[in-house]
Ligand SMILES: Nc1ncnc2c1ncn2[C@@H]1O[C@H](COP(=O)(O)OP(=O)(O)OP(=O)(O)O)[C@@H](O)[C@H]1O
Ligand SMILES: [Mg+2]
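Numbering (the working numbering), first residue to last: 11 to 805.
1. Between residue 587 and the rest of its own chain, which residues show a CB-CB distance below 8 Å, the 5 nearest in sequence each way excluded?
2. Does ligand 4 have a heavy atom nearer than 7 Å to the CB of residue 316?
3. Roughly how many angstroms separate the alpha carbons of residue 772 and residue 471, rounded to a whole number?
4. Measuring alpha carbon to alpha carbon, tell me which of 718, 667, 655, 657 ends up nearest residue 679.
5. Does residue 62 pass the burial test, meaning 16 or more other C-beta atoms within 10 Å, or should it be called exposed?
6. Suppose contacts are defined by Cβ-Cβ distances below 8 Å. Is residue 492 in contact with residue 437 by that definition?
7. Start and end of the alpha helix (DSSP H) containing residue 327?
8. Would you list the residues sitting across from residue 497 in a DSSP beta bridge?
9. Would residue 793 and residue 712 be called neighbours here (beta carbons separated by less than 8 Å)?
10. Helix, strand or coil for residue 432 per DSSP?
11. So the alpha helix (DSSP H) residue 577 belongs to, where does it begin and stop?
12. Is the CB-CB distance between residue 42 and residue 142 below 8 Å?
13. In the structure shown, what three-state DSSP assignment does residue 55 receive?
14. Going by alpha carbons, who is nearest to residue 621 out of 606, 325, 518, 727?
15. Nearest by alpha-carbon distance to residue 490: which of 302, 499, 478 is it?
16. Taking 7 Å as the cut-off, is the C-beta of residue 392 nearer than that to any heavy atom in ligand 2?
17. Pairs of beta-carbons, one from the stretch 222 to 235 and one from the stretch 153 to 166, closer than 8 Å: are there three or more?
18. Can you grab the Cα-Cα spacing for the pair residue 132 / residue 234, in whole Å?
19. How is the alpha helix (DSSP H) around residue 297 delimited, first residue to last?
20. Near residue 420, what residues of its chain come up, given a Cβ to Cβ distance below 7 Å and the 5 sequence neighbours on each side ignored?
21. To the nearest angstrom, report how far apart residue 496 and residue 451 are at their CA atoms.
22. From the DSSP output, in three-state form, read off residue 142 for me.
23. Does any heavy atom of ligand 2 sit closer than 7 Å to the C-beta of residue 500?
24. Mind checking residue 528: buried by the 16 CB within 10 Å criterion, or exposed?
25. Cutting at 8 Å between CB atoms, please list the residues of its own chain near residue 368, excluding the five before and the five after it.
26. Using the Cα positions of residue 267 and residue 314, report the straight-line distance between them to the nearest angstrom.
27. Can you find the residues in the same chain that come closer than 7 Å, C-beta to C-beta, to residue 66, ignoring five residues on each side of it along the sequence?
28. Given a threshold of 16 other Cβ atoms within 10 Å of its Cβ, counted over all protein chains shown, does residue 360 qualify as buried or as exposed?
29. For ligand 2, any of its heavy atoms closer than 7 Å to the Cβ of residue 456?
30. Looking at C-alpha atoms only, which residue of 776, 488, 796, 291 is the closest neighbour of residue 743?
31. Where does residue 637 fall in DSSP's three states?
32. For my contact list, residue 757 and residue 709 are in at a C-beta cut-off of 8 Å; report their separation, rounded to the angstrom.
33. How many Å lie between residue 255 and residue 286 at the Cα?
34. Quick check: is any heavy atom of ligand 2 less than 7 Å from the C-beta of residue 353?
35. When you measure from the CB of residue 577 to every non-hydrogen atom of ligand 1, does any distance come out below 7 Å?
36. So what does residue 108 bridge to, in DSSP terms?
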């Protein structure tokens, strides 16, 4: 026997169901098939599994009769495994089903294909065994057409469609809902898809009015839809999150593989190193807390992220700073003097001032004394004096060049929010110094910029101010660093350019240009030895004659300091080293002649001698930040109407000075024996050569008068004299600044007589006699005293 037994259908009934299930008459009595846990809604059809013996009997009996059964759900029977469902557990409303066919499987379970055709009410149970039988009546599912009902149906259909899409229900279901006509059927089909409890489903069945049923079902569908939408949103978010995580994980794995392939270390080793370093570092509380916090953060950042590097660099900066590392200061004044003398020739006054300064500092260790500032032309030893001071005090030395620093952030650092930000120069230099009490040389403090990018001088002020600098806060570090133990020395070429508030805090020590004799001594004592050593030569092999050194100074340098001298001496040493190596000679005495051989064509000739001399030319003296210089004033005349042209990049003050000079001459023409017709018939041009360099100041007044007088009177000015002084329209000569530098420039240029304002006499007294040797000075009150002496005597 086959496992399935087919039972033939009642002919006719099927057709009738298909045509109109409503028409199938409900008999008065029906056997009742209890449904466990679900409701069979009218209009539906599906196979039921029937395994209960009584129910199987029921099916068998129904099949031989009209194939109709009452299908009624029953309430759960708590715990009890009863053979027959007690009658009081059965609901009263159910459906009448028509059995299409049954199949029996091996275990004897019936698969019964049923359609629910009518809604019924059980009026009375008349029999309980072997199955329930009861009296029943039909419940109408007819509706009256109304707009309300239509609207409700439409609403349910749209809501259901949305829900079906979200739940991915089969399309046929939606199509069915769309095509069904009876509102009850629509509502039942929709309601059956909601997975509601038995009680709730039973309630659907019990609604008598279609509108009530539709309302309830629509409400449930809408609720479900909302839940679905929210959970879908959540799902989407979770999925996105997971997708991203997966992607990241995937990429990181790839990265790891690539790293491994490249043989690069992995991050744990890196972190371990950092932790070891942190253990070793001696940090103040605040720094320690910051590092620990940052380490915690770092451990959580993947090493491939740019954040990792930023965070790591920050930690390293903190760990590398000498928070608690100091060198032991020592100062023995005798030894200090020795060191200063050993490193520098001359500079007597300056060395004395330095020693005084150091002595006071040691007496009062906590002294917030002024900061030393060396001011003077280039190459006179400002930086190297700073180095010597560091040596005398046994301090670490760091030079910070401030030239061109325009941005406050260069001093104080950038906030860490900027990519690639770093601490400012102060903190960088501390790291370089490796101790918290080094000597900082702030070079070129006069060349600090100041513009829209912020004012670095105010940041510097904080650095230098003992009242504030013990909590110096760099923008990058954010933790304060105590700078109070740092010793600061500053340098500048031009005192006027140091920002006022900074200058107030400093003790200015002025260094002036060296005279030729001093330069010779510096060369003999220091520079030559340094250069010999640098070129692996010895004093036994090479000796310099004094005349040779002088030749280098005169013909190859024109400077206040000794930097170019040192460079040229180096050039000579290089030449000698070459010749020794190539076997030309074993030792060498450098003479004037060999200087020219090694250094080639002469760079500088005596300035005045080099000029094509004649009427209209006079030698003035000027002060510049790089030392004194000769300033030649040229005047020329040509046919015209008496106009005055001025050229040579002159500043306003110097232009006025030229005009004043001309006015003086015109108003004193008779006394000066000048033909005053010239003023109406000639144009005058005054030029100050070296047109590229801007010149200003009133001190060329005297030289202007002399040049113009020479031009207009046709008498030449003597070549070997120079002059400086401001003039008034009445011919008074007023004092000027920079006398020492000017005199030194005159001496360098072989000038024999210098005319100065009488009120500058005291400045000349300060110049050492050795420097002034060979020069005579004229101190004048009026320009006429100059004009009496400067012209070449007609013989
Ligand atoms: N009196 C001196 N004795 C020995 N060497 C000197 C003396 N003066 C300067 N020097 C040497 O001259 C060179 C230049 O000096 P340094 O660099 O200190 O000049 P500076 O005044 O700092 O110039 P700048 O203003 O250009 O910075 C150094 O090698 C220095 O040792
Ligand atoms: Mg310097």
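The C-beta atom is built at its ideal place from N, Cα and C for all residues, glycine as well. Given the structure is predicted, the values throughout are model-derived calculations rather than measurements.
Straight from the coordinates:
1. 545, 546, 547
2. This structure does not include ligand 4; its bound ligands are ligand 1 and ligand 2.
3. 35 Å
4. 718
5. buried
6. no
7. 316 to 330
8. 449
9. yes
10. coil
11. 573 to 591
12. yes
13. strand
14. 727
15. 478
16. yes
17. yes
18. 32 Å
19. 295 to 310
20. 434, 435, 466
21. 10 Å
22. strand
23. no
24. buried
25. 341, 343, 346, 399, 402, 403
26. 13 Å
27. 60, 120
28. buried
29. no
30. 796
31. strand
32. Actually they do not touch by this definition, with Cβ atoms about 18 Å apart.
33. 32 Å
34. no
35. no
36. 78, 125
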